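Novice: First the structure, then my questions, so here it is.
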Amino acid sequence: MPDVLANVDVVVVERSREQQRESGTPFFLSLAREECIALDAATELMRQYGQKLFSELWTAPRVWIMFEKNPDLLSNVADVPGDPNVRDWVLETLRLVEDPVQPASFDPTSIPAYTKDGFERVQRLKLTADEAQFASQFNGARSVQQIAKNLRLDLKSAQQLLFRFLALEIVECWPGSTAAKPERQTFFQRLRRSRHRDR
439 MPDVLANVDV VVVERSREQQ RESGTPFFLS LAREECIALD AATELMRQYG QKLFSELWTA
499 PRVWIMFEKN PDLLSNVADV PGDPNVRDWV LETLRLVEDP VQPASFDPTS IPAYTKDGFE
559 RVQRLKLTAD EAQFASQFNG ARSVQQIAKN LRLDLKSAQQ LLFRFLALEI VECWPGSTAA
619 KPERQTFFQR LRRSRHRDR
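For what it's worth, this note's numbering labels the leading residue of the sequence shown as 439, then goes sequentially.
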């Protein structure tokens with residue numbers, strides 16, 4: 439239980455919880471409306487608890503999330519400021535995932551490459567310095583292992599960062615064996631190429 443609720447009457451707390459079950463009005467918002475806690479504190483607690491809940495869903499096996507548009511609930515929380523960018527909120531939830539579950543087939547030699555819309559998506563996010571550096575390494579040729587080495591990250595940290603970009607569908611990973619490898623050239627092909635450069 440948050441410290442801010444230490445001095446709130448237990449009956450009021452239970453009534454607010456019941457109201458949340460019935461109408462969907464957030465528990466902390468009900469307490470703020472009864473002037474048991476400040477609205478700013480209620481808003482911050484709703485954000486923190488909501489992000490914590492969603493961070494647990496990212497790693498749960500086979501979770502289906504369905505959202506229901508509820509006009510009554512929306513009008514009931516109109517006085518609560520929301521996050522202006524849902525993608526940033528989602529990224530915040532991903533940062534809370536402590537031990538992301540990687541697929542059993544995850545290979546550190548796999549190569550992250552931007553998805554069709556991934557580069558545009560990453561430009562619109564508020565990235566941390568570590569995330570921005572990690573994203574700057576995606577070129578379709580570097581493996582996760584190589585990126586970790588370039589940034590002096592341990593492999594676990596690199597996997598945590600990669601998990602966020604995969605979850606947001608910014609990148610997808612290709613097996614390291616499918617990376618384009620330079621063609622072997624014969625001596626004469628190399629010689630001809632060097633003569634063309636000299637001209």
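Note that beta-carbon positions come from the ideal geometry of N, C-alpha and C, so glycine has one too.
Model, not experiment: these values are computed from the prediction.
Less than 8 Å between the beta carbons of V588 and Q598, yes or no?
Specialist: Note on residue identity: the sequence assigns Asn, not Val, to residue 588. Cβ distance not < 8 Å, so N588 and Q598 don't count as in contact.
Novice: Under the three-state reduction of DSSP, which class applies to P509: helix, strand or coil?
Specialist: P509: helix per DSSP, three-state reduction.
Novice: Just curious, the alpha helix (DSSP H) that A567 is in, first and last residue?
Specialist: Unbroken alpha helix (DSSP H) run through A567: A567 to S574.
Novice: Does the count of Cβ pairs from the stretch 557 to 569 and the stretch 595 to 614 closer than 8 Å reach three?
Specialist: Yes: the two stretches touch, three or more of their Cβ pairs being nearer than 8 Å.
Novice: Using the C-alpha atoms, what's the distance from K594 back to F465?
Specialist: One C-alpha to the other measures close to 36 Å.
Novice: Taking its Cβ as the centre, do 16 or more other Cβ atoms sit within 10 Å of S461, making it buried, or is it exposed?
Specialist: Label assigned to S461: exposed.
Novice: Which whole-angstrom value describes the C-beta separation of V609 and A551, a residue pair presumed to lie in contact below a C-beta threshold of 8 Å?
Specialist: Confirmed, about 6 Å.
Novice: Would you say V535 touches the ligand FMN, meaning its beta carbon is less than 7 Å from a heavy atom?
Specialist: The model on display carries no ligand, and the ligand FMN is accordingly not part of it.
Novice: Which value, in whole angstroms, describes the spacing of the CA atoms of W612 and D555?
Specialist: Rounded to whole angstroms, W612 to D555 spans 17 Å at the Cα level.
Novice: To the nearest angstrom, how far is the alpha carbon of K490 from that of R580?
Specialist: Cα to Cα, the separation comes out at about 32 Å.
Novice: In three-state terms, what does DSSP make of W496?
Specialist: If DSSP states are grouped into helix, strand and coil, W496 belongs with the helices.
Novice: Which residues share a DSSP beta bridge with V609?
Specialist: V609 pairs with Y552.
Novice: Using DSSP with H/G/I as helix, E/B as strand and the rest coil, what is N588?
Specialist: Residue state, collapsed to three classes: helix.
Novice: Is the beta carbon of Q457 less than 8 Å from the beta carbon of S468?
Specialist: Cβ atoms of Q457 and S468: closer than 8 Å.
Novice: Between the Cα of L563 and the Cα atoms of I549, R533, L604 and D526, which residue gives the shortest distance?
Specialist: Taking only the C-alpha atoms, the option nearest L563 is D526.
Novice: Alpha carbon to alpha carbon, what distance is there between E607 and T553?
Specialist: Cα-Cα distance, rounded: 7 Å.
Novice: Skipping 5 residues on each side, what residues in its chain have a beta carbon closer than 7 Å to that of A605?
Specialist: Excluding positions up to five away in sequence, the list reads W496 and L532.
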